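One structure is given below, encoded as structure tokens.
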Amino acid sequence: MKTLHSRTDIPKKKGKKNPLMQEEKRKNRELSSERVMNENGIGILKRFKILSDTYRNRRKRFGLRFTLIAGVYTMELEQ
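Just so you know, the sequence shown maps onto residues 1 to 79 in UniProt numbering.
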């Protein structure tokens with residue numbers, strides 16, 4: 001993954017003989033909390049069926065609809 005995108009952060013894994021340090025555990029928790037927010041957003045977009053189904057309308061309006069649904073979700077988060 002690092003070879004495809006240089007800013008990718010991957011959680012550290014512990015080994016049988018190499019337990020994680022406290023700093024590594026803290027960083028893994030931060031990554032997982034960011035990841036949960038992103039996955040919840042993707043789940044909301046899938047609930048609107050814009051990502052999970054084949055889009056059958058005009059291709060020109062896909063970006064507009066996607067942006068509107070993402071905006072509605074963002075407004076819900078802020079309230």
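Cβ atoms here follow ideal geometry from the backbone N, Cα and C, with glycine treated the same way. None of these values were measured; they are calculated from a predicted model.
Distance, R58 Cα to I69 Cα: 16 Å
How many whole angstroms separate the CB atoms of D9 and L31, which I take to be in contact at a CB cut-off of 8 Å? Confirmed, Cβ separation roughly 6 Å.
Straight-line CA distance for K49 to K13? 34 Å
Using DSSP with H/G/I as helix, E/B as strand and the rest coil, what is I69? In this structure, DSSP gives I69 a helical state, which the three-state scheme calls helix.
Helix, strand or coil at K25 according to DSSP, with G and I counted as helix: Helix, per DSSP.
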